[in-house]
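Enquirer: I am attaching a structure below and will ask some questions about it afterwards.
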Amino acid sequence: MCLAIPMRITAIDGALATIVAEGLEQHASLALVPEAAVGDHVLVHAGYAITVLDAEEAEERMKLFAELDEFEAGQRDGLD
Amino acid sequence: MTSARIPALISELRCEARDGLVYMEVCGTHTMAISRAGLRQLLPAGIKLVSGPGCPVCVTSTADLDRVVALARRPEVTLATFGDLVRVPSSRTTLAAERAAGADVRVVYSPLDAVNLAQAEPEREVVFAGIGFETTAPIVAAAVLEARARGVANFSVLSLHKTMPLPLRALLDLGETPISGFILPGHVSVVTGTACYEFLASEYAVGGVVAGFEPDDVLEALLMLVRQTAPTIEIGYRRAVRAEGNLVAQRLMATVFAPSDADWRGLGVIPGSGLALADEYRESATEERFTIEIEEPIEPKGCACGEVLRGVLDPADCALFGSRCTPADPVGPCMVSSEGSCAARYRYRDVDGVV
Amino acid sequence: MTAADRILLGHGSGGKLYRDLVRDVFVEAFANPILERLDDAASLATSGRIAFTTDSHVVQPWRFSGGDIGRLAVAGTVNDLATAAARPLALAAAFIIEEGFFMDDLRAICASMARTAAEAGVAIVTGDTKVVERGAADGIFITTTGVGEIVVDHELGAQSVRDGDAVILSGSIGDHAMAVLAARDEFHFTTTVESDCAPLWGLVEVAVAAARDTAPAAAARATAPASAAALRFLRDPTRGGLTTVLAELAESASLGVEIEERAIPVSAAVRSICDLLGYEPLSLANEGKMVFVVAPEKSDAVVAALRAHALGRHAARIGSITAAHPGRVALRTVLGTRRVLDMPVGELLPRIC
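Okay, here's the thing in structure tokens:
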């Protein structure tokens, strides 16, 4: 039940990480994922990273999100 | 977000699904995601999706909501809460109305923000209304520890947290509606792992798949459920969920919280399904600092949220749905909560009114 | 920092301090012959129909990425006039300022208002200032009132909208709301999103021109500008966002609206923030966007004209008016499924659950 979005760690200062998504930068606590490292993709919920995402899939997904940047809207096929 | 896999997933589902399949999702974020994408319109007629008690706000009892209001009314209290609670009706009022009347209600994105608030305003008693399941509880636990470490004494938690697996058992024991399988919560499972769901398959012969939240994630989980030859617990959301879960988060929860009895709207009291602050952390529990007195809770008249939460009543079949009870003028929490089944159905209904 | 660096109660009391403030801050910034006369009322001349509108502006904080309350105040009223296809003729600005407000901040706000007004080709010709005690206002409140000359002969509005008309959006949505949210720093994030706050008269002017009937018969009768009746309806999606504009249109017109989710421009950064906090981009406030409803045969021309303009680069047709489901707005999702779009309810609240 929880909104959590994938974000990438760009810096770590103690237990606090700087995390980024497209056009967005935030800080999150790594208290729940102490093993996380710079460059990892993590799921962030309510100011905390809750897991480290599988790197390959996460990268793929984030690229997918960026590609769907809507200024090129209208390319994708619908279902009918 | 769409994915090129979706047409293929739909057509495979249409091929492989039998009739009479009923899948229950038990996560408010799944409820929302399914309705928002209009997934029901894409599924073959043989698959029915039902919502269960997955919205932590909806399953909070009216009495507990009244307790939150009672605290907010105290002049020395700053009530810090997630946005989700602000418009939910309690017996007589909402936090939004209380704030307009002068209560100090602050919306926070993270419980850590509440700790920072307490540190910045030492003259206030900051009470954090802790709602949420196992995704959120470890985070609140971490915030409690953080407050301790920093010596922030004016911070306490009113824990209304609940845990997931036990209400599923209660639901199945009630046996009110046949369930072919569960779409299991994606982010709760990030923390808990999957062992806690094994009993569904072994004791009740009901399978489950842990699903992610994108439309293709949900469809993939449905396909996995349809394909199960024997009831099993599987992970569809592989990029985020591991079978063992997040051990650090589990330990945090177990250290700061202890199981307690919790009162679930629609299911009544389920022993051991709640989380209360553990003995060594009782001084961070709001109930230790304030005697919280409430009047007899008033359940909204005609409200069928309880039945909706058990998956027995489809939101569209509630007599009040869309007429007396709408997001603008809600009767019960299922319609006002950002993840409520009724809210999801209503807000994302088809334009002809078909939900 | 001395007391002279802040607004005092005396500045609102009508005496010398007030006159000095008007001269040194407002007239200095807005600099135009009508204002400089400092009459109690400005005299204007106009021909034809006029549009008249007013708007109050309260925003915290007063400055955010891409704009400030001053720019908002001018652009907001210019844009309201633009929805009536009215070229802005003159603006009035009334200020309610909290005692203690920094003079430098007021100067910056006025400079921004002057800049924005110049972009829109309009002057601020009259105004008023009141000062209230500390705590009685949230920094500064600005009310702008505008008068404009309507450049079309036909009736714009929901009653002119027809089954089959095209619904066009001038660009990406959600930018302003998320820029202000970031500036408020309640949820502690930084973003590349900037408010889209801008005066849109120039953009509307090119759309009106593109909508004009250029058939030879009409050109032959060229004693007056060709009819722009193909342009049916204009509205800017401010508070309540796109969904509110469309829902109100559907209700007023007693027609349905169908839009395509995939056609609606939303920047990746806005999407990230919405995913993080649980917001719906379609319901977020914009301050530099316009919704046009246009006869279908003019849709391509209007979109092209908008895209050729700096403020309409990402303009797109997002849907159509329909006789089906009158009073309701339907969204076709990127999956091809369909759902209704209701107006947002209550305050904008983030969710974590």
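Residue numbers (my numbering), protein chains in the order written: chain A, 23 to 102; chain B, 374 to 728; chain C, 4 to 356. For each residue, glycine too, the CB sits at the ideal point set by N, CA and C. Bear in mind that the values here come from a model prediction, so they are computed numbers and not experimental data.
#1: Can you tell me whether K301(C) is helix, strand or coil according to DSSP?
#2: Could you compute how far the alpha carbon of A120(C) sits from the alpha carbon of G73(C)?
#3: Name the chain F residues that come within less than 9 Å of G411(B), Cβ to Cβ?
#4: Can you tell me whether D702(B) is buried or exposed, with buried defined as 16 or more other CB within 10 angstroms of its CB?
#5: Chain C beta carbons: is any one of them nearer than 8 Å to that of F455(B)?
#6: Against E79(A), what residues of chain B qualify as contacts under a CB-to-CB distance less than 7 Å, listed in chain order?
#7: Under 7 Å Cβ-Cβ, which residues of chain C neighbour E82(A)?
#8: Mind checking which residues open and close the beta strand (DSSP E) that includes V441(B)?
#9: Report yes or no: do the segment 625-638 of chain B and the segment 605-615 of chain B share at least 3 C-beta pairs separated by less than 8 Å?
#10: Quick check on S376(B): does DSSP put it in helix, strand or coil?
#11: Exposed or buried, which one is D188(C) when buried takes at least 16 other CB atoms within 10 Å?
#12: Let's test the definition: count the other Cβ atoms within 10 Å of the Cβ of S46(C) and tell me whether it reaches 16, buried, or not, exposed.
#13: Using a Cβ-Cβ cut-off of 7 Å (strictly less than) and excluding sequence neighbours within five positions of S384(B), which residues of its own chain qualify?
#14: Is the distance from the Cβ of D178(C) to the Cβ of V305(C) below 8 Å?
#15: A58(A) CB to nearest chain B CB: under 8 Å?
#16: For the putative contact between T550(B) and G684(B), defined by C-beta atoms under 8 Å, what is the C-beta separation to the nearest angstrom?
#17: Hey, how far is the Cα of V724(B) from the Cα of M405(B)?
#18: Whole angstroms is fine: what's the gap from A418(B)'s alpha carbon to S68(C)'s?
#19: Expressed to the nearest angstrom, what Euclidean distance is found between the alpha-carbon atoms of L416(B) and L54(A)?
#20: Please identify, using Cβ separations under 9 Å, the residues of the segment 241-253 of chain C that lie next to chain A, in order along the chain.
#21: What ranges does the alpha helix (DSSP H) occupy inside the segment 549-586 of chain B, keeping only unbroken runs of at least 4 residues that lie completely in it?
#22: If I measure Cβ to Cβ from S163(C) and keep anything under 6 Å in the same chain, skipping five residues before and after, which residues do I get?
#23: In chain order, what residues of the same chain lie with their CB nearer than 7 Å to the CB of F93(A), ignoring the 5 residues before and after it?
#24: Let's test the definition: count the other Cβ atoms within 10 Å of the Cβ of L25(A) and tell me whether it reaches 16, buried, or not, exposed.
#25: Note down, in chain order, each residue of its chain lying with its Cβ closer than 8 Å to the Cβ of R137(C), except the 5 sequence neighbours on either side.
#26: What is the rounded straight-line gap between the Cα of L412(B) and the Cα of R600(B)?
#27: What residues of chain C sit near G36(A), judged by a beta carbon separation below 8 Å?
#28: Using a C-beta cutoff of 8 Å, does T509(B) count as contacting chain A?
#29: Give every residue of the same chain whose Cβ lies closer than 7 Å to the Cβ of P670(B), excluding the five residues on either side of it in the sequence, and list them in chain order.
#30: Whole angstroms is fine: what's the gap from D108(C)'s alpha carbon to A658(B)'s?
#31: On a Cα-Cα basis, can you pick out the residue from E290(C), P299(C), L285(C), A186(C) that is closest to R409(B)?
#32: Is the shortest distance between the beta-carbon of D76(A) and the beta-carbons of chain B less than 8 Å?
#33: Report the residue from I267(C), V30(C), D71(C) whose alpha carbon sits nearest the alpha carbon of T129(C).
#34: Taking the C-alpha atoms as reference points, what is the distance between F98(C) and F144(C)?
#35: Can you grab the Cα-Cα spacing for the pair G330(C) / G548(B), in whole Å?
#36: In this structure, does DSSP put S215(C) in helix, strand or coil?
Expert: Taking the geometry as given:
#1: For the purposes of this step, residue 301(C) is taken as the residue at position 298 of the third sequence. If DSSP states are grouped into helix, strand and coil, K301(C) belongs with the helices.
#2: Indexing the third sequence from 1 puts residue 120(C) at position 117. Indexing the third sequence from 1 puts residue 73(C) at position 70. Distance between the alpha carbons of A120(C) and G73(C) is about 10 Å.
#3: The structure shown contains no chain F; its protein chains are A, B and C.
#4: As a first step, residue 702(B) is located in the second sequence; it is residue number 329 there, counting from the start. Classification for D702(B): exposed.
#5: Mapped onto the second sequence, residue 455(B) falls at position 82. Judged by the 8 Å Cβ criterion, F455(B) is in contact with chain C.
#6: Within the first sequence, residue 79(A) is the residue found at index 57, counting from 1. Near E79(A) (Cβ distances below 7 Å), the residues of chain B are R612.
#7: Reading the first sequence from its first residue, position 60 is the one you call residue 82(A). Near E82(A) there are no residues of chain C at all, since even the closest Cβ is about 16 Å away, more than 7 Å.
#8: Indexing the second sequence from 1 puts residue 441(B) at position 68. Not the beta strand (DSSP E): V441(B) falls in the alpha helix (DSSP H), residues 435-445.
#9: no
#10: On the second sequence, position 3 is the one that residue 376(B) refers to. S376(B): coil per DSSP, three-state reduction.
#11: Residue mapping note: residue 188(C) aligns to position 185 of the third sequence, counting from 1. By the 10 Å Cβ count, D188(C) comes out exposed.
#12: As a first step, residue 46(C) must be located in the third sequence, where it is residue number 43. Classification of S46(C): exposed, given that the 10 Å Cβ count is below 16.
#13: Here residue 384(B) refers to the residue found at position 11 when the second sequence is read from its first residue. Excluding residues within five positions, none has a Cβ falling inside 7 Å.
#14: In the third sequence, residue 178(C) corresponds to position 175, counting from 1. In the third sequence, residue 305(C) corresponds to position 302, counting from 1. The answer is no: Cβ separation not under 8 Å.
#15: Position 36 of the first sequence holds residue 58(A). It does not: the Cβ of A58(A) has no partner Cβ on chain B nearer than 8 Å.
#16: Here residue 550(B) refers to the residue found at position 177 of the second sequence. Here residue 684(B) refers to the residue found at position 311 of the second sequence. Contact flag correct, Cβ pair sits at about 5 Å.
#17: Along the second sequence, one-based indexing puts residue 724(B) at 351. Along the second sequence, one-based indexing puts residue 405(B) at 32. Cα to Cα, the separation comes out at about 17 Å.
#18: Here residue 418(B) refers to the residue found at position 45 when the second sequence is read from its first residue. Here residue 68(C) refers to the residue found at position 65 when the third sequence is read from its first residue. Going by the C-alpha atoms only, they are around 50 Å apart.
#19: Along the second sequence, one-based indexing puts residue 416(B) at 43. Along the first sequence, one-based indexing puts residue 54(A) at 32. So the two alpha carbons sit approximately 37 Å from each other.
#20: none
#21: 559-565, 571-577
#22: Taking the first residue of the third sequence as 1, we reach residue 163(C) at position 160. Once the five neighbours on either side are set aside, the close Cβ partners of S163(C) are R235.
#23: Against the first sequence, residue 93(A) aligns to sequence position 71. Model confidence at F93(A) stands at a pLDDT of 39, short of 50, so the residue's coordinates are unreliable and nothing is read from them.
#24: Counted from its first residue, the first sequence places residue 25(A) at position 3. The residue is buried, with at least 16 neighbouring Cβ atoms inside 10 Å.
#25: On the third sequence, position 134 is the one that residue 137(C) refers to. Only E101, E102, G103 meet the Cβ criterion.
#26: By one-based count along the second sequence, residue 412(B) stands at place 39. By one-based count along the second sequence, residue 600(B) stands at place 227. In a straight line, the C-alpha of L412(B) is about 19 Å away from that of R600(B).
#27: Within the first sequence, residue 36(A) is the residue found at index 14, counting from 1. Correct list: empty, because the minimum Cβ distance to chain C is about 17 Å.
#28: For this step, residue 509(B) is matched to residue 136 along the second sequence. Chain A, which has a Cβ nearer than 8 Å to the Cβ of T509(B), makes this yes.
#29: As a first step, residue 670(B) must be located in the second sequence, where it is residue number 297. Closer than 7 Å at the Cβ level, and outside the excluded window around P670(B), lie T435, A436, D439, S464.
#30: The residue you call residue 108(C) lines up with position 105 of the third sequence. The residue you call residue 658(B) lines up with position 285 of the second sequence. Approximately 45 Å, taken between the alpha carbons.
#31: Position 36 of the second sequence, counted from the start, is the residue given in the question as residue 409(B). Here the closest residue by C-alpha is L285(C).
#32: The residue labelled residue 76(A) in the question sits at position 54 within the first sequence. Cβ-Cβ to chain B under 8 Å: yes for D76(A).
#33: As a working mapping, residue 129(C) is identified with position 126 in the third sequence. The shortest Cα separation from T129(C) among I267(C), V30(C), D71(C) belongs to V30(C).
#34: Translated into positions along the third sequence, residue 98(C) becomes position 95. Translated into positions along the third sequence, residue 144(C) becomes position 141. So the two alpha carbons sit approximately 6 Å from each other.
#35: For this step, residue 330(C) is matched to residue 327 along the third sequence. For this step, residue 548(B) is matched to residue 175 along the second sequence. The alpha-carbon atoms of G330(C) and G548(B) are separated by roughly 42 Å.
#36: For this step, residue 215(C) is matched to residue 212 along the third sequence. Ser is not the amino acid found at residue 215(C); the sequence shown has Arg there. R215(C) falls in the coil class under three-state DSSP.
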